[in-house]
Amino acid sequence: WHRMAFGHAESAMERRFPWGDQDPVPGVHGNFGFAREGPAPVNAFPSGSSAFGVQGLYGDGWELTASEFLPLEGFCAMPEYANYSADFFDGEHFVLKGASWATHPTLIRRSFRNWYQDHYRYVFSKFRLVRDV
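With full-length UniProt numbering, the residue at position 46 of the sequence shown is 46, and numbering never jumps.
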């Protein structure tokens with residue numbers, strides 16, 4: 001997911017966002033920030049495409065992954081939010097990437113991860129089928 005979203009097609013450098021370095025604009029780079037109140041067609045926001053032409057990486061729904069939600073190297077919980085992430089490093093939560101249609105643009109950044117359990121019914125999520133080429 002990370003390489004598809006932030007990689008350059010012809011170099012090892014990475015982009016700040018899939019579309020480049022411009023800050024996220026709801027309704028331009030994707031369906032987030034209540035641009036629409038629900039999912040949009042996959043190709044509705046071509047300005048949000050990655051260097052590889054992949055659309056819809058941010059918006060519509062959080063993308064489900066099979067990665068266990070674990071602390072990243074060097075993680076230290078903020079005292080104000082000590083239980084916000086650490087309580088979910090339990091082997092039962094998995095990483096969500098991207099954003100939903102209800103996600104505020106300030107949360108659209110490569111370091112932000114959300115989490116879920118497979119039985120949650122209240123998460124705005126989606127999935128992407130991928131294969132090696």
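Note that the Cβ used here is the ideal one computed from N, Cα and C, for glycine as well.
Give the single residue among 108, 104 and 115 whose Cα lies nearest to the Cα of residue 34. 104
Residue 119 by DSSP, collapsed to three states: which one? coil
Considering Cα atoms alone, identify which of 29, 102 and 51 is closest to residue 37. 102
Contact belief for residue 98 with residue 72 at Cβ below 8 Å, rounded distance in angstroms: Actually they do not touch by this definition, with Cβ atoms about 17 Å apart.
For residue 51, which residues in the same chain have their Cβ closer than 7 Å to its Cβ, ignoring the five residues on either side in sequence? 7, 8, 9 and 15
Output the boundary residues of the beta strand (DSSP E) element that contains residue 94. Note, residue 94: beta strand (DSSP E), 94 to 99.
Quick one: measure Cβ to Cβ for residue 69 and residue 93, integer angstroms, because I've assumed they're closer than 8 Å. 4 Å
Beta-carbon proximity list for residue 95, same chain, < 6 Å, skipping 5 on both sides: 65, 67, 69 and 113
Under the three-state reduction of DSSP, which class applies to residue 34: helix, strand or coil? coil
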